[in-house]
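Participant: For the sequence shown, position 252 (counting from the first letter as 1) is numbered 268 according to the working numbering, and the numbering increases by one without interruption.
Cβ atoms here follow ideal geometry from the backbone N, Cα and C, with glycine treated the same way.
No experiment lies behind these values; they were computed from the predicted model shown.
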Amino acid sequence: MGRIYLSAPHMGGAEIGFVNEAFETNWLSSVGPNIAAFEEELGAVVDGHCAALASGTAALHLGLRLLGVGPGDEVVCPTLTFVATANPIVYQGARPVFIDSERESWNLDPALLAEWLEGRAKAGRLPRAVIVVHLFGQSADFDRVREACGRWDVPILEDAAEALGTTYRGQPVGALGDIGVLSFNGNKIITTTGGGALVSKDEEKVKKARFWATQARDPSIAYEHSELGYNYRMSNVLAGIGRGQLQVLPERVRRRREIAFAYRDAFADLDGLELMPQADWGLHTNWLSVFTVDPARLGCDRTALIEALAADDIEARPVWKPMHTQRLYADAEAIGGSVAEGCYERGICLPSSTNMTEAEQERVIARLRQRVLR
Numbered sequence: 017m018g019r020i021y022l023s024a025p026h027m028g029g030a031e032i033g034f035v036n037e038a039f040e041t042n043w044l045s046s047v048g049p050n051i052a053a054f055e056e057e058l059g060a061v062v063d064g065h066c067a068a069l070a071s072g073t074a075a076l077h078l079g080l081r082l083l084g085v086g087p088g089d090e091v092v093c094p095t096l097t098f099v100a101t102a103n104p105i106v107y108q109g110a111r112p113v114f115i116d117s118e119r120e121s122w123n124l125d126p127a128l129l130a131e132w133l134e135g136r137a138k139a140g141r142l143p144r145a146v147i148v149v150h151l152f153g154q155s156a157d158f159d160r161v162r163e164a165c166g167r168w169d170v171p172i173l174e175d176a177a178e179a180l181g182t183t184y185r186g187q188p189v190g191a192l193g194d195i196g197v198l199s200f201n202g203n204k205i206i207t208t209t210g211g212g213a214l215v216s217k218d219e220e221k222v223k224k225a226r227f228w229a230t231q232a233r234d235p236s237i238a239y240e241h242s243e244l245g246y247n248y249r250m251s252n253v254l255a256g257i258g259r260g261q262l263q264v265l266p267e268r269v270r271r272r273r274e275i276a277f278a279y280r281d282a283f284a285d286l287d288g289l290e291l292m293p294q295a296d297w298g299l300h301t302n303w304l305s306v307f308t309v310d311p312a313r314l315g316c317d318r319t320a321l322i323e324a325l326a327a328d329d330i331e332a333r334p335v336w337k338p339m340h341t342q343r344l345y346a347d348a349e350a351i352g353g354s355v356a357e358g359c360y361e362r363g364i365c366l367p368s369s370t371n372m373t374e375a376e377q378e379r380v381i382a383r384l385r386q387r388v389l390r
């Protein structure tokens, strides 16, 4: 029996054709026809303009700069997220302010956000931006976040790194805010091996991001530079992989959901093991199949389950550790935190690869049930 991974890459077959074309035409670097085509095809999926970039982190960094974030500013960020959401705030010399989750979706709590923004407005210290994360493929309650931010004209940066294919009230996430970001890391729902994208309905913002991402080289025969830039562009080869992956995105979403619901049904008789919330305001891709463990009812905690699965060469992990509990951000301001802490203490991510076979998923189910019922 081989190892069962948490979220492995899954090629669809068309990728090799686009990659071979890049090699045959010798368009291998950060220019070439695959890049423009990938950006256009991705834009059709998320209903916005796109810049293909080296990573989701690069997209977040450029997005914050586009919103004018700089030294001394504050940027709101959910505490329950991957560290890459928060780090680019610090790259820009700003300070993150972490806000707790709501129970309905585990995403940023709009009520806490609204209350905090009102207090900051009275003090004349509004944040430069608010980052909203769509966690594990579950959309945040975006209308309520937009209402809270709109009252004070605070822009929204939408971190959809884990949520390509997710919808909110019938709309694809990624271009709901002022700027959005996507990730195509190897563990995401589709991959370019490594890569990301910046998304916006404002084409000028996307053009500026592309400019900065190519070292901000001015349009001159000489190597002229008048602004600070970065080496953040995606290669034509990787964009070719992305084009092939986009062709199978609907199937990947369908399969991720199928896997999550198969786990849910298999564990229905286990009191204390529940699938994370599936909010009724949109389609949750279940990028990862995330469950909560109630040790008092189940008879064991999430660490015991992770260890039992690991003994059978099955990869499972906790959910993200809240940012306000990280040593890196020990001095950062945090608003609430108990809901996020509870999600972390009880949350477990189960294998969710779309190329996982039914037999492999049955192996995961059997091993977990064996540990609970022993």
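1) For the 8 angstroms Cβ check, are there 3 or more pairs between the region 116-133 and the region 86-94?
2) Quick check on Val264: buried or exposed, where buried means 16 or more other Cβ atoms within 10 Å of its Cβ?
3) Taking the alpha carbon of Asp63 as the reference point, which residue from Leu321, Thr183, Val380 and Glu290 has its own alpha carbon closest?
4) Three or more C-beta pairs under 8 angstroms: does that hold for the region 45-55 against the region 83-90?
5) Compute the distance between the beta-carbons of Leu80 and Pro104, then report whether it is under 8 angstroms.
6) Exposed or buried, what is Arg144 when buried is set at 16 or more other beta-carbons lying within 10 Å of its beta-carbon?
7) I want to know whether the region 145-154 touches the region 165-184 - three or more CB-CB distances under 8 angstroms.
8) With 16 as the cutoff for other CB atoms within 10 Å, does Lys223 come out buried or exposed?
9) Which residues mark the beginning and the end of the alpha helix (DSSP H) in which Cys359 is found?
10) Provide the residue span of the alpha helix (DSSP H) that contains Pro266, from first to last.
11) Pull the bridge partners of Cys365 from the DSSP assignment, please.
12) Work out the CA separation of Glu220 and Arg111 for me, nearest whole Å.
13) Buried or exposed for Gly140, going by 16 or more other Cβ atoms inside 10 Å?
14) Give every residue of the same chain whose Cβ lies closer than 8 angstroms to the Cβ of Arg379, excluding the five residues on either side of it in the sequence, and list them in chain order.
15) Does the Cβ of Ser354 have 16 or more other Cβ atoms within 10 Å, making it buried, or fewer, making it exposed?
16) Alpha carbon to alpha carbon, what distance is there between Arg383 and Ala395?
17) Below 8 angstroms between beta carbons: does that hold for Gln154 and Ile275?
18) Answer with buried or exposed for His340, where buried requires no fewer than 16 other C-beta atoms within 10 angstroms of its C-beta.
19) Along the chain, where does the alpha helix (DSSP H) that runs through Arg318 open and close?
20) Going by CA-CA distance only, name the one from Ala320, Glu134 and Leu76 that's closest to Trp228.
21) Mind checking which residues open and close the alpha helix (DSSP H) that includes Val35?
22) Just tell me which of Arg318, Trp303 and Asn302 has its CA closest to the CA of Gly288.
23) In chain order, what residues of the same chain lie with their CB nearer than 6 angstroms to the CB of Gly72, ignoring the 5 residues before and after it?
24) At 3 residues or longer, what runs of the beta strand (DSSP E) sit wholly inside the region 130-193?
25) Give me the residue from Ala350, Asp218, Pro338 and Glu243 with the minimum Cα distance to Glu361.
26) By Cβ distance, which residues of its chain are closer than 8 angstroms to Arg333, with the 5 residues on each side in sequence left out?
27) Apart from the five residues on each side of it in sequence, which residues of its chain come closer than 8 angstroms, Cβ to Cβ, to Glu357?
28) Would a C-beta distance cut-off of 8 angstroms place Val309 and Ile205 closer than the cut-off?
29) Examine chain B for any beta-carbon lying closer than 8 angstroms to the beta-carbon of Thr230, and answer yes or no.
30) Check whether the region 25-34 and the region 247-263 touch, using three or more Cβ-Cβ pairs below 8 angstroms as the test.
Facilitator: A quick look at the data gives this:
1) yes
2) The residue given as residue 264 occupies position 248 in the sequence shown. Under this definition Val264 is a buried residue.
3) For the purposes of this step, residue 63 is taken as the residue at position 47 of the sequence shown. It is Thr183 whose Cα lies nearest to the Cα of Asp63.
4) no
5) Taking the first residue of the sequence shown as 1, we reach residue 80 at position 64. Taking the first residue of the sequence shown as 1, we reach residue 104 at position 88. Yes, Cβ-Cβ distance for Leu80 and Pro104 is below 8 angstroms.
6) Residue numbering aside, residue 144 sits at position 128 when the sequence shown is read from its first letter. Buried.
7) yes
8) As a first step, residue 223 must be located in the sequence shown, where it is residue number 207. With fewer than 16 Cβ atoms within 10 Å of its Cβ, Lys223 is classed as exposed.
9) As a first step, residue 359 is located in the sequence shown; it is residue number 343 there, counting from the start. Run containing Cys359: Ser354 to Arg362, per the alpha helix (DSSP H) assignment.
10) Translated into the one-based positions of the sequence shown, residue 266 becomes position 250. Leu265 to Ala282 is the extent of the alpha helix (DSSP H) around Pro266.
11) Along the sequence shown, one-based indexing puts residue 365 at 349. DSSP, once it has assigned bridges, lists Val306 and Arg333 as partnering Cys365.
12) Taking the first residue of the sequence shown as 1, we reach residue 111 at position 95. Taking the first residue of the sequence shown as 1, we reach residue 220 at position 204. Cα to Cα, the separation comes out at about 27 angstroms.
13) The residue given as residue 140 occupies position 124 in the sequence shown. That one is exposed.
14) Along the sequence shown, read from residue 1 onward, the residue named residue 379 stands at position 363. For Arg379, where only same-chain residues beyond five positions count, the Cβ hits under 8 angstroms are Met17, Ile20, Asp328 and Ile330.
15) As a position in the sequence shown, residue 354 is number 338, starting the count at 1. Its Cβ having fewer than 16 others within 10 Å, Ser354 is exposed.
16) Outside the modelled stretch of the chain, which goes from 17 to 390, sits residue 395, for which no answer is possible.
17) Here residue 154 corresponds to residue number 138 of the sequence shown, with the count starting at 1. Here residue 275 corresponds to residue number 259 of the sequence shown, with the count starting at 1. Contact: no.
18) In the sequence shown, residue 340 corresponds to position 324, counting from 1. Label assigned to His340: buried.
19) Counting from one through the sequence shown, the residue named residue 318 turns up at place 302. Per DSSP, Arg318 belongs to the alpha helix (DSSP H) from Arg318 to Ala326.
20) Your numbering for residue 228 matches position 212 in the sequence shown. Closest by alpha carbon: Leu76.
21) As a working mapping, residue 35 is identified with position 19 in the sequence shown. Run containing Val35: Glu31 to Thr41, per the alpha helix (DSSP H) assignment.
22) Residue mapping note: residue 288 aligns to position 272 of the sequence shown, counting from 1. Checked all of Arg318, Trp303 and Asn302; the closest Cα to Gly288 is Arg318.
23) In the sequence shown, the residue the question calls residue 72 occupies position 56. Excluding sequence neighbours, Gly72 sits near Ala177, Val197, Ser199 and Gly212.
24) 145-149 and 172-175
25) In the sequence shown, the residue the question calls residue 361 occupies position 345. Comparing Cα positions, the closest option is Pro338.
26) Mapped onto the sequence shown, residue 333 falls at position 317. Closer than 8 angstroms at Cβ, skipping near neighbours: Leu22, Ile322, Ile364 and Cys365.
27) Taking the first residue of the sequence shown as position 1, residue 357 is located at position 341. So the list reads Pro338 and Thr341, once near-sequence residues are dropped.
28) To locate residue 309, count along the sequence shown from 1; it is residue 293. To locate residue 205, count along the sequence shown from 1; it is residue 189. Not in contact: Val309 and Ile205 (Cβ atoms no closer than 8 angstroms).
29) Checking the listed chains, one finds no chain B in this structure; it contains a single protein chain.
30) yes
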